[in-house]
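> Protein chains in written order, with the numbering used here: chain A, 68 to 179; chain B, 317 to 428.
1. Who pairs with residue 102 (chain A) in a beta bridge, going by DSSP?
2. Residues of chain A with a CB under 7 Å from the CB of residue 357 (chain B): which are they?
3. From this set, B:417, B:405 and B:428, which residue's C-alpha is nearest residue 324 (chain B)'s C-alpha?
4. Using a C-beta cutoff of 7 Å, does residue 168 (chain A) count as contacting chain B?
5. Say whether chain B places a C-beta atom closer than 7 Å to the C-beta of residue 122 (chain A).
6. Could you work out which residue in A:110, A:121 and A:83 is closest to residue 136 (chain A) when comparing CA atoms only?
7. Under 8 Å Cβ-Cβ, which residues of chain B neighbour residue 157 (chain A)?
8. Mind listing the chain A neighbours of residue 420 (chain B)? Cutoff is C-beta to C-beta under 9 Å, in chain order.
9. Quick check on DSSP: helix, strand or coil for residue 134 (chain A)?
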């Protein structure tokens, strides 16, 4: 199984809502990533978890809160987002000694 | 920014022609990877070249790496309409941990 599964595929939320994005992989990867991608731009790294511990936070606003409850799951909790946070959110996983990263299909988030 | 820069930003070719895109980066890397993205969804890993390698082939793909110039190129030979996608280089910088950073991308259109 070389799949990274992200749910939901689409999400529309208001600026006062709280929602969560979920990501799951069963490849035994111990590094997991969240990226944000705006239209016609490259993915921008947000967070990296290594062995279920947060290892990189790219100065992401606190309205985005990551969580890695176990080695297969990665969540991104969203609260009080702004319209400019609307984007495609991509989850990825890899071996800790970084080689090939496997990406999910993303969650397309719209903040209204 | 440590991110790779890519050129051209967009490329339009006829089916059967070759497509070449370039990537430049600024600091020492462990490896350089190329990914494809269709229609703003998940990224698919194409090929990885390590910092001590100069050229690598995979099917119709040929990647070169020149660490002295901090640049890489991706050649797609005998292009097909199905190769229409955005292509990104991604670098794993030394001393940066699991930090896979993407270049700006090249949008390739292969016309039948």
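Every residue gets a Cβ at the ideal spot worked out from N, C-alpha and C, and that includes glycine.
Inspection of the coordinates gives the following:
1. A:112 and A:157
2. One finds 172 and 173 in chain A with Cβ atoms closer than 7 Å to the Cβ of residue 357 (chain B), taken in chain order.
3. B:405
4. Nearest CB-CB separation between residue 168 (chain A) and chain B: below the 7 Å threshold.
5. Interface residue (Cβ-Cβ distance to chain B less than 7 Å): residue 122 (chain A) is classified as such.
6. A:121
7. 358 and 359
8. Simply 108 and 109.
9. strand
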